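Heads up, the sequence shown is in the working numbering, so the first residue is 15 and it goes up one at a time. Take a look at the structure below.
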Amino acid sequence: MSVLTEQNTTPAGLPLPEPAPTTAAPTPGRPVRRWLGRWWMLLPLGLLLAWALVPGAFSAADPITGIPAQKLSAPSPAHPFGTDHLGRDVYSRVVHGTGQTLMTAGLACLIGSVLGSVLGLLAGTAGRAADAVAMRLVDVLLAVPAFLIALILVTATEPGPLSLGLGVGIASIAAFARLVRTEVLRVRSHDFVQAALMSGGGYFTVLRRHILPHVIGPVLALLAVDLGAAILAISGLGFLGFGAPPPTPEWGLLISEGRQYLSVAWWLTTLPGLVIVTAVMLTAALGRSINRAFRF
């Protein structure tokens, strides 16, 4: 009994502090279960992706040719989104227009993320002169609204999906550049990066092993949010007539065509508009989830 008492006390006779409780190691399946818990977000996003890849599997109606006798029909089991002024099934046009919109938005995100990330990396790692030049270029882009930049670039070229993606992508370069620069400067101040540099690590080695793994998470989160912003901008430009020419189905064009019949056929604008709003909100939620998953 005395031995146990001596082992549990300090030389001064005070009791030793209780050992800190051990926490269970995270199980490999926990991240999977956490993502599966977001089924309310992943299922609609998967449905939109399926619409873009295999639209014929979700709608058998012709999105181009309609039946004049069924024009301006209200939503029904046969036509969930109703029909337009030419008797075309609006649901079919929304489904087939998903690929056109997402392809253009994906091109815009690719251009903005790649060019913006390269610019941000140069600003954060290539010295003060490169930082000053890159940030002044970013300031110029931020001085003009992104939608106006896209509109100027689209009107200066031939309207179409390629010019839309290019214009919206260039307008989003500034956001990626500022984010990447901020994250690079934050990571560079950590001791492990300084130790890697002092131990003789090369520029690209330190960049690849120590900086990029900490930057990729915020970039992916912004990429998801920017995808929603690109969908909104492309739909707006398509509404103004700078997207795919009729009768090609495209989300912004559908709303533009339906506004002429808003008083007698509310579904022509309301239902495609709800699809756009839902897509933007889902991509924003995806961005927040990615940011939490990659938070260090």
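We treat Cβ as the ideally placed atom computed from N, Cα and C, and that holds for glycine. This one's a predicted model, so the numbers in the text were calculated from it and none came from an experiment.
*asked:* Can you list, in chain order, the residues of its chain with a C-beta nearer than 6 Å to that of Leu234? Leave out the 5 residues immediately preceding and following it.
replied: Ile304
*With respect to the alpha helix (DSSP H) encompassing Glu197, which residues constitute its N-terminal and C-terminal limits?*
187-202
*Taking the alpha carbon of Ala191 as the point to measure from, which residue in Trp65, Val182, Pro175, Leu129 has its own alpha carbon closest?*
Leu129
_By the three-class DSSP mapping on this structure, what secondary structure does Leu296 have?_
helix
_Mapping the DSSP letters down to three states, classify Asp103 as helix, strand or coil._
strand
*Would you mind giving the Cβ-Cβ distance between Val220 and Val207, rounded to the nearest angstrom? I have them listed as a contact below 8 Å.*
7 Å
*With DSSP as the reference, label Tyr79 as helix, strand or coil.*
Here residue 79 is Thr; the residue named in the question, Tyr, does not match the sequence. Of the three classes helix, strand and coil, the one that applies to Thr79 here is coil, per DSSP.
*Take Val198 as the anchor and find which of Gly215, His228, Cys123, Ala210 has the nearest alpha-carbon.*
His228
*asked:* Can you give me the C-alpha to C-alpha distance between Ile125 and Leu180, rounded to a whole angstrom?
replied: 7 Å
_With a threshold of 8 Å on Cβ separation, who are the neighbours of Ala34 within its own chain once the five nearest residues in sequence on each side are excluded?_
A caution first: Ala34 carries a pLDDT of 45, below 50, which makes its placement in the model unreliable, though a value can still be read off. Cβ neighbours of Ala34 beyond the five flanking positions: none.
*Considering only residues of the same chain and omitting the five flanking positions on each side of Leu136, which have a CB-CB separation below 7 Å?*
Ala144, Ala148
*Specify the secondary structure class of Thr36 as computed by DSSP and reduced to three states.*
Low local confidence applies: a pLDDT of 44 at Thr36 is under 50, so the model's placement there is unreliable, with the coordinate-based value given in what follows. Note: Thr36 maps to coil in three-state DSSP.
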